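2 protein chains.
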Amino acid sequence: MVFSISKPEPSSRWKRRKEDRPEEILNAALELFTEKGFAATRMDDVAKSAGISKGTLYNYFESKESIFHAVVQEMISPEIEKVETMVANYKGPTDHLLRQLIRAWWTNVGETRLSAIPKIVISESGNFPELAEFFVETVVKRARRLFTDVVSRGVVSGEFNLVETQAVARLIIAPLVYATIWQHSLKPFDDDYLSDEYVDLHIKFILKSLIKDQRFDV
Amino acid sequence: MVFSISKPEPSSRWKRRKEDRPEEILNAALELFTEKGFAATRMDDVAKSAGISKGTLYNYFESKESIFHAVVQEMISPEIEKVETMVANYKGPTDHLLRQLIRAWWTNVGETRLSAIPKIVISESGNFPELAEFFVETVVKRARRLFTDVVSRGVVSGEFNLVETQAVARLIIAPLVYATIWQHSLKPFDDDYLSDEYVDLHIKFILKSLIKDQRFDV
DNA sequence: TTAATTACTGACTGACCAGTCATTAAATAA
DNA sequence: TTATTTAATGACTGGTCAGTCAGTAATTAA
Chain A
1 MVFSISKPEP SSRWKRRKED RPEEILNAAL ELFTEKGFAA TRMDDVAKSA GISKGTLYNY
61 FESKESIFHA VVQEMISPEI EKVETMVANY KGPTDHLLRQ LIRAWWTNVG ETRLSAIPKI
121 VISESGNFPE LAEFFVETVV KRARRLFTDV VSRGVVSGEF NLVETQAVAR LIIAPLVYAT
181 IWQHSLKPFD DDYLSDEYVD LHIKFILKSL IKDQRFDV
Chain B
1001 MVFSISKPEP SSRWKRRKED RPEEILNAAL ELFTEKGFAA TRMDDVAKSA GISKGTLYNY
1061 FESKESIFHA VVQEMISPEI EKVETMVANY KGPTDHLLRQ LIRAWWTNVG ETRLSAIPKI
1121 VISESGNFPE LAEFFVETVV KRARRLFTDV VSRGVVSGEF NLVETQAVAR LIIAPLVYAT
1181 IWQHSLKPFD DDYLSDEYVD LHIKFILKSL IKDQRFDV
């Protein structure tokens, strides 16, 4: 007689869980996209990571790209809305608002798994242009408008110097997005580390150039 | 009798041009890497674009990655050396040096085809780590040291405020590199355009925060 | 002129992977 | 209990591509 260690027979080979699948798929996908990029992520792995087979994936999403669209739509759009609301309702001085806005971005995007998304989109923009177009329309333009509006508010109210608001908005955004790109690309190969000072110093530099010199104001 | 339009018989099917091949291959490769990225560039296309067959490619370079290494080595390193020399020999005021350094970077990298390289490396860092490591060692660290040294010079000489030189160097580089990444990724999908003011304003903002306030100096 | 060398070619191999679909079985209705 | 519906499976298809190598022809040496 042969003694064999038998695996406990699972009560059933699988469960039907229509409700939970989409979210589980999106979470698995974002994690893999972050790690490998869009093109290099295999649908078999997304499926495995979400605990299903590849065929099931295609019951819920019609293609790899549609999964990415959903990730952006479901995860980033809500964050932007939050911030838009914050800006719309803010009453205090504009430099405080701007400071708070930059910090909010850092806390809600820069330090979360969402920080991987800009790098993914940028990386794949050449081979998946629809994906880039979607991201520009859904995220980039809205975010830029947000910063442009805040700078404009400061200029109009007389708190800030007269500046090119578009160019300034870009100068504010650049070091923030750049930091996330770096995090998800070269950081592992770079022994230098990004201190918290980076964002603080960025805020300080930007405000120093924006806020009117108080010497002659009374 | 059949009249046929005969192609002029080429005197020979191909020429042996050992000397010129490597450079032609690197040029073709950089162009395709820029357009499609590293992974998505097919060796058949590099060959075709360089006017040879795929087999010949492998007489000159042992792999796709080795071609990329050669591109960085041959094209970027000389640029960095130029700038290092400029910095080492500069005698005038540090703010002029910094201004000139940023402009030099923009002219010699930002506005040339070399501007594509950061985006390529970042995009492929996950799937081709050796490539990223090579780039960090060969380019990133040297460039950062350059800017850090210049800021330090200003601080030591008393021209600049006492600042975290590492963090400041990053803040200087970020908008520059970010602009090149944007150029080669999202720009085609973004109707907003990058005006020349962007770099000028960046220089202005940075120097405003670095240069000591002259009010109490005589 | 003939032989030896080597730059060059391109068909081929093996590996990879997005998306499909015939089949299976869990859940639910009759 | 039996029939119906549908969530889930995974083998398979058709396509892609880095790298190889046996053979071809341009060049050079003998």
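Residue numbers (my numbering), protein chains in the order written: chain A, 1 to 218; chain B, 1001 to 1218.
Each residue gets a CB set at the ideal place from its N, CA and C atoms; glycine is no exception.
Remember, it's a predicted structure, so these values are computed and weren't measured experimentally.
Excluding sequence positions up to five before and after B/M1043, its CB lies within less than 7 Å of the CB of K1054, L1057, K1064, all in the same chain and listed in chain order. Per DSSP, the beta bridge partners of B/I1211 are B/F1160. For B/R1170, a Cβ of chain A is located within less than 9 Å of the residue's own Cβ. Within 9 Å of the CB of A/I122, the CB atoms of chain B belong to K1119, I1122, S1123, I1181, W1182, H1184, S1185, L1186, in sequence order along the chain. With respect to chain B, the C-beta atom of A/D190 has a partner C-beta closer than 9 Å. A/L114 places its beta carbon less than 9 Å from that of A/E79.
The region 1127-1145 of chain B makes no contact with the region 1198-1205 of chain B: fewer than 3 CB pairs, one atom from each, lie closer than 8 Å. The alpha carbon of A/R13 has as its nearest neighbour, out of A/I52, A/S152, A/K36, A/A29, the alpha carbon of A/I52.
In the structure shown, B/K1054 adopts helical secondary structure according to DSSP, grouped into three states. In terms of Cβ geometry, A/R99 and A/L207 form a close pair [threshold 9 Å].
Three or more beta-carbon pairs separated by less than 8 Å are not found between the region 177-188 of chain A and the region 150-157 of chain A, which leaves the two stretches without contact.
Positions of the beta strand (DSSP E) runs, each at least 3 residues long and wholly inside the region 90-130 of chain A, cannot be given because no such run exists. Collapsing the DSSP output to three states places A/A40 in coil.
Distances from the CA of B/D1191 to each of A/Q166, A/L32, A/T34, A/I117 were compared; the closest alpha carbon is that of A/Q166.
The distance from the Cβ of A/F61 to that of A/A70 is about 7 Å, consistent with a contact at the 8 Å cut-off. B/K1119 sits buried, since 16 or more C-beta atoms from the chains shown fall within 10 Å of its C-beta. The region 1012-1028 of chain B and the region 1090-1097 of chain B do not touch, with fewer than three beta-carbon pairs separated by less than 8 Å. Going by DSSP, A/F68 is part of the alpha helix (DSSP H) stretching over 64-71. Against chain A, the CB of B/Q1073 has no partner CB under 9 Å away; the residue lies outside that interface. Annotation: A/I173 to A/P93 spans about 20 Å, alpha carbon to alpha carbon. Shown here, B/K1204 sits in a helix according to DSSP, grouped into three states. Within chain B, the residues V1163, E1164, A1167, V1168, L1171 have their CB atoms less than 8 Å from the CB of A/L201, given in chain order. When only Cα atoms are considered, B/F1038 and A/S123 end up about 10 Å apart.
Residue environment for B/V1168: buried (at least 16 other C-beta atoms within 10 angstroms of its C-beta). Closest option to A/E130, judged by alpha-carbon separation, among A/H202, A/K48, A/I67, A/T112: A/I67. In the structure shown, B/W1182 falls within a helical segment according to DSSP collapsed to helix, strand and coil. B/V1136 belongs to the set of residues whose beta carbon lies under 9 Å from a beta carbon in chain A. Using a Cβ distance threshold of 9 Å, A/L30 and A/G110 do not count as a contacting pair.
At least one CB of chain B lies nearer than 9 Å to the CB of A/A132.
A Cβ-Cβ contact shorter than 9 Å links A/N161 with A/L210. Cβ-Cβ distances below 6 Å link A/P22 to Y60 in the same chain, with the five nearest sequence neighbours on each side left out; the list follows chain order. Against chain B, the CB of A/A39 has a partner CB under 9 Å away; the residue lies at that interface. For B/N1027, there are no CB contacts under 6 Å within the same chain when 5 residues up- and downstream are skipped.
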